[in-house]
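Taking it in order: structure first as structure tokens, then the write-up.
Number of protein chains: 2
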Amino acid sequence: MAHSIGIDIGGTNTDMGLINEDGIIVARRNLPTNRYTDFDLYINDISRELQAMTSAAGVEIDGIGIGAPNGNFYTGCVDNAPNLTIKGNLDFEHALGSRFSVPVALSNDANAAAYGEYVYGGARGMKHFVMFTLGTGVGSGIVVDGRLVHGSTGAAGELGHNILVPGGRQCSCGRCGCLEAYTSARGIVQTYRELYRAAHGAEPDQEITSKLVGQKAHEGDPTALETWHQTAHWLGIAMSNAVGFSSPEAIFLMGGPAQVGDPLLVPLRQEFEANTLYIFHNTCRIMMSQLKANEVAILGAAALIKMKQQKV
Amino acid sequence: MAHSIGIDIGGTNTDMGLINEDGIIVARRNLPTNRYTDFDLYINDISRELQAMTSAAGVEIDGIGIGAPNGNFYTGCVDNAPNLTIKGNLDFEHALGSRFSVPVALSNDANAAAYGEYVYGGARGMKHFVMFTLGTGVGSGIVVDGRLVHGSTGAAGELGHNILVPGGRQCSCGRCGCLEAYTSARGIVQTYRELYRAAHGAEPDQEITSKLVGQKAHEGDPTALETWHQTAHWLGIAMSNAVGFSSPEAIFLMGGPAQVGDPLLVPLRQEFEANTLYIFHNTCRIMMSQLKANEVAILGAAALIKMKQQKV
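Chains as they are written, first to last, in the numbering used here: chain S, 3 to 314; chain V, 3 to 314.
Structure (structure tokens):
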């Protein structure tokens, strides 16, 4: 029986998985993305790992699915992703398709995660949902009528860069006030630092990470708790706006900062309902991703192959 | 050949049209919506007008399509629309379907307008677009992959109530900072009044309407020009956020305040591009509706019948 390959390309790591027909990851490999600046070299090394993985398992593959920052479903390319060390327009579909002679499907990393949730996770059977991924940045994937929304360009589903506070915080994209500037790991750290300075008149005496802000919240630190409350406020508004767009059954949340749990989720559910237009009250649940954080993107990437084949 | 009926239900008027198979409105009738508080009486009068219209034309009808505030595509009901004098849950699909024994399709008024643009107007052939309707309120209709987005509840596409300025202006929906509070006719008047007071230290000495603010802008009145500039700023951000969601080919604009033309459109196109995420630059046009303002909703409503039949 044919297996498929799912690849999750992050700024730091490239995770590769071999997936059987039951959606189980039966083998994994990885490469350090940030060691590469040359695309051909990177593709050579990926190909070598994939070949080794499939040979060791003694299986054929029927396709390769890839989730990558700025990944474009229609072109199969990654175009100038800010957090990749390999620059330019990277044609993954052609590069891997020509080496393996199988279909290659590519989408952005958050879209792949959303699709993984749809095919294998908590969104199974849902026709309308939205996934928010919190991490270095904030990504999103949107499913409408059972299909990932790629839009006219192939790059739809960028709610992390929706402007939430006009004239607000500087965002990494060059504009101001994006959701990402408030609810990414970096945004959360910035909120903590601002609140700490306001409360103590000094900088924190240790390096602050979103994970540490999570630990402090569980220890009852009021600055940390207030940080998560403010994060919930911004994310709750962004989620209520997403409901005004596609009226999903559920909004899923995943990624490192979301692992904090109740300090974020309890105020998030309150802020979400408080900011949701009355006609949508109690129509949409906020749920955590039901898949393992290190599996969802690989599974979703592999599932993209089937979606691509339906499309073509 | 069978004709169809399109009905546009507004807070003030109910416009009814008889549409032939070429999409031409061959007869029209109307009723004053705001004279009614009893649903049965209203349905009786609508039915009488429809019967008179089809009898006079000597044609059969194959369906009735309705665009109405808070109209729900799935239930065929209008549920407690704030700007209708008839209250409660109004089951148009059952009431008219049982009298005429034809399929009845209902959606909200902005969705109907978007669908009219799609079937008969400037969006023909587009797979992804968004329609914003400016009027007493601000509505929107969204087409993704060639289908109106109704979401899990049937009420999707409410971008007028997306929160644009957290903690901002009071909106008619009870929340604060919605797009509608800034770019509806009322929002535009409020902006003019605020700017006038700031410039002159007094209230304007005449009644202000969004139409008058438009006339003043064409006469070069600096307060009026600045009003449209600010309106363009808010609307441009909302449109750029819509692009981050579904990456449409075009965003259409219609409704009374949009008729002002250049004083709104010129800064709007600038604000839109300036606030759009770099990956979407020059991928989406802002266009005026290509249909007559008093026809688009009726045509769109009639077109909903076909969409409903595909769905069922």
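Ideal placement from N, C-alpha and C gives every residue a C-beta, glycine not left out. This structure is a prediction, so every number in the text was calculated from the model and none was measured.
- Taken atom to atom, the span from the alpha-carbon of Leu306(S) to that of Cys175(S) is near 27 Å.
- With a cutoff of 8 Å on beta-carbon distance, Gly69(S) and Ile11(S) are scored as near each other.
- In the structure shown, the three-state DSSP call for Asp111(V) is helix.
- With a threshold of 16 other beta carbon atoms within 10 Å, Ile63(V) meets it and is buried.
- Against chain S, a Cβ distance below 7 Å from His163(V) picks out Gly246 and Leu279.
- For the region 89-118 of chain V, the set of positions with a beta-carbon nearer than 9 Å to some beta-carbon of chain S is empty.
- Taking every protein chain shown into account, the CB of Tyr280(S) has fewer than 16 other CB atoms within 10 angstroms, so this residue is exposed.
- Contact with chain S is absent for Ile288(V), since none of that chain's Cβ atoms lies less than 8 Å from the residue's Cβ.
- In the structure shown, Val145(S) adopts extended strand secondary structure according to DSSP, grouped into three states.
- Only those residues of the region 136-168 of chain V whose C-beta falls short of 9 Å from the nearest C-beta of chain S are listed: Ser142, Ile144, Val146, Asp147, Arg149, Val151, His152, Gly153, Ser154, Thr155, Gly156, Ala157, Ala158, Gly159, Glu160, Leu161, Gly162, His163, Asn164, Ile165, Leu166, Val167 and Pro168.
- In this structure, the straight-line span from the alpha carbon of Tyr76(V) to that of Ala107(V) is close to 9 Å.
- If you draw a 10 Å sphere on the C-beta of Val151(S), you find 16 or more other C-beta atoms in it, and that means buried.
- Your pair Met289(S) and Phe254(S) checks out as a contact, with CB atoms roughly 5 Å apart and the cut at 8 Å.
- Cβ contact annotation for Ala97(S) (same chain, cutoff 7 Å, sequence separation greater than five): Ile45, in chain order.
- Excluding five sequence positions before and after Gly123(V), the CB atoms of its chain that fall closer than 7 Å to its own CB belong to Ser291, Gln292, Leu293 and Val298, given in chain order.
- By the Cβ criterion, the region 254-272 of chain S is in contact with the region 211-220 of chain S, since at least three pairs of Cβ atoms, one from each stretch, lie closer than 8 Å.
- Between Arg30(S) and Met18(S), the beta carbon gap of about 7 Å places them in contact (Cβ cut-off 8 Å).
- DSSP, read as helix, strand or coil, puts Ala4(V) in coil.
- Put simply, the CB of Pro250(S) is near chain V, with a gap under 8 Å to one of its CB atoms.
- At the C-beta level, Leu166(S) and Tyr184(S) come within 8 Å of one another.
- In the displayed model, Met309(S) falls within a helix according to three-state DSSP.
- If you ignore the 5 residues before and after Asn85(S), its C-beta comes within less than 7 Å of the C-beta of Gly13, Pro71 and Thr138, all in its own chain and listed in chain order.
- Residues of chain S with a Cβ closer than 7 Å to the Cβ of Ser242(V) are, in chain order, Ile165.
- In the DSSP assignment, Ala70(V) is bridged to Asn110(V).
- Assignment of Met241(S) by DSSP, reduced to helix, strand and coil, places it in the helix class.
- Taking a 10 Å sphere around the C-beta of Arg188(V), we find 16 or more other C-beta atoms and assign the residue as buried.
- In the three-state scheme derived from DSSP, where H, G and I count as helix and E and B as strand, Arg287(V) is classed as strand.
- Here DSSP, grouped into helix, strand and coil, assigns Arg177(V) to coil.
- If you check the CB distance, Ser6(V) and Ala304(V) come in under 8 Å.
- Close partners of Lys129(S) in chain V (Cβ separation under 8 Å): Ser154.
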